[in-house]
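Chemist: In the numbering used here, the protein residues as written are 1 to 378.
1) For the 8 Å Cβ check, are there 3 or more pairs between the region 111-120 and the region 149-162?
2) Quick check on DSSP: helix, strand or coil for residue 348?
3) I need the DSSP call for residue 125, collapsed to helix, strand or coil.
4) Taking only runs that begin and end inside the region 199-270, name each unbroken beta strand (DSSP E) of 3 or more residues, in chain order.
5) Quick check on this structure: which residue in 45, 263, 305 and 256 has the alpha carbon closest to the alpha carbon of residue 276?
6) Over what stretch of residues does the alpha helix (DSSP H) that includes residue 363 continue unbroken?
7) Inspect the CB distances between the region 188-199 and the region 314-323 and report whether three or more fall short of 8 Å.
8) Tell me the rounded alpha-carbon separation between residue 95 and residue 125.
9) If we call anything under 9 Å between Cβ atoms a contact, is residue 224 one with residue 314?
10) Can you tell me whether residue 180 is buried or exposed? The criterion is at least 16 other CB atoms within 10 Å of its CB, across all chains shown.
11) Out of 106, 312, 217 and 71, which one is the CA nearest neighbour of residue 18?
12) Can you find the residues in the same chain that come closer than 7 Å, C-beta to C-beta, to residue 189, ignoring five residues on each side of it along the sequence?
13) In chain order, what residues of the same chain have a beta carbon less than 7 Å from the beta carbon of residue 346, not counting five sequence neighbours either side?
14) Where does residue 145 sit, in a helix, a strand or coil, going by DSSP?
15) May I have the straight-line CA-CA distance separating residue 312 from residue 220, to the nearest angstrom?
16) Hey, how far is the Cα of residue 15 from the Cα of residue 5?
17) Is it buried or exposed, residue 269, if we count other Cβ atoms within 10 angstroms and call 16 or more buried?
18) In angstroms, rounded to a whole number, what distance separates the CA positions of residue 259 and residue 214?
19) Assuming residue 40 is part of the alpha helix (DSSP H), what are its boundary residues?
20) If we count the other Cβ atoms within 10 Å of its Cβ and call it buried at 16 or more, is residue 272 buried or exposed?
21) Mind checking whether the beta-carbon of residue 174 lies closer than 8 Å to any heavy atom of the ligand MN?
22) Specify the secondary structure class of residue 76 as computed by DSSP and reduced to three states.
23) Given a cut-off of 9 Å on the beta-carbon distance, is the pair residue 26 and residue 143 in contact?
24) What residue range is occupied by the uninterrupted alpha helix (DSSP H) comprising residue 157?
25) Which term fits residue 187, buried or exposed, when burial requires 16 or more other beta carbons within 10 angstroms of its beta carbon?
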């Protein structure tokens with residue numbers, strides 16, 4: 001039977017779209033499911049604030065009456081304007097090892113791009129940089145993380161056979177947390193604290209809410225990442241959706257904040273306990289009982305691993321050494337919490353300055369992921 005593609009039009013089909021990878025990766029010990037309710041909110045235009053500047057459509061592939069693949073087609077108008085290009089994105093691209101299935105899904109992305117007069121197709125990317133992005137091309141036998149995509153090795157062969165080429169790569173590291181910080185970090189930290197009068201701010205949920213730290217952090221994210229690959233500079237009112245989600249989720253002891261003498265936020269670091277194992281166990285579902293092990297792992301019995309989610313430094317402070325101060329505080333906190341290792345978020349392979357921050361620690365590159373691009377034919 002040939003492949004049938006259907007657009008997602010209701011909540012029932014949306015749930016099928018979100019849950020399809022559960023079947024595809026049922027016996028894979030490295031796949032980590034996302035939090036289901038967050039996926040539903042992200043992919044529903046009624047609840048995703050990115051819909052104010054994005055057009056999108058979701059598609060499911062059926063064969064012999066069974067769901068065998070999915071894809072999202074996205075036009076981020078804000079990013080296209082910012083980067084002065086016309087790209088349609090594909091994301092949430094999953095499929096069985098069947099070239100007919102993967103090609104039929106991608107054809108829907110092409111159709112969506114043509115309807116919006118786009119010039120090229122790029123992905124995997126989400127609505128914004130807070131969504132999972134990049135196809136895994138190395139590191140298939142490493143446990144995934146909550147924040148990033150896992151996919152089968154055959155995905156790469158499918159998209160390259162369609163004529164897609166590399167646009168950019170990201171790499172990820174696993175870092176051993178030392179019992180004692182390298183001397184260089186300690187010396188630089190002490191000097192900065194004494195000479196530049198930086199202060200380490202300890203946040204509570206009350207302080208975050210009363211003093212608007214979600215908005216402050218979000219502003220630095222925009223300033224820090226605005227020149228990186230396909231980053232979307234987002235309106236301030238999206239802080240509650242993105243930064244607010246993580247700040248409400250993480251233990252405050254995993255957040256490091258640096259202020260200058262005037263009380264201005266100049267740098268931050270956000271980490272969180274690794275939730276990979278607990279998400280595998282509850283399959284990303286919090287109800288009716290999945291919330292308990294998740295909360296336990298977040299706030300009471302931490303895993304011995306952590307994820308380094310975000311680090312941001314105001315551009316005018318990048319060469320002041322404050323990077324060392326924020327990393328010193330992050331690692332000190334992780335060490336005090338008994339964390340033995342941490343995985344970085346995806347780092348652009350060209351961002352050697354970021355990568356160099358890990359050279360003083362025992363570290364290993366664990367994964368590589370890729371964004372592909374192809375010109376759209378009319």
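Glycine included, every Cβ here is placed at the ideal spot set by N, Cα and C.
Modeler: Put simply:
1) no
2) strand
3) Three-state result, residue 125: coil.
4) 199-201 and 255-259
5) For residue 276, the nearest C-alpha among the options comes from 305.
6) Taken as a continuous stretch (DSSP letters only), residue 363 belongs to no alpha helix (DSSP H), being part of the beta strand (DSSP E) at 363-375.
7) yes
8) 16 Å
9) yes
10) Counting of Cβ neighbours within 10 angstroms places residue 180 among the exposed residues, the total staying below 16.
11) That would be 71, whose Cα lies nearest to the Cα of residue 18.
12) 324, 325 and 328.
13) 134, 148, 170, 172 and 369
14) coil
15) Here the alpha carbon of residue 312 sits roughly 6 Å from the alpha carbon of residue 220.
16) Taking the straight line joining both Cα atoms gives about 16 Å.
17) The residue is buried, with at least 16 neighbouring Cβ atoms inside 10 Å.
18) 15 Å
19) 36-43
20) Buried, by the Cβ-count rule.
21) What this structure holds is no ligand at all, so the ligand MN is not there to describe.
22) strand
23) no
24) 154-161
25) exposed
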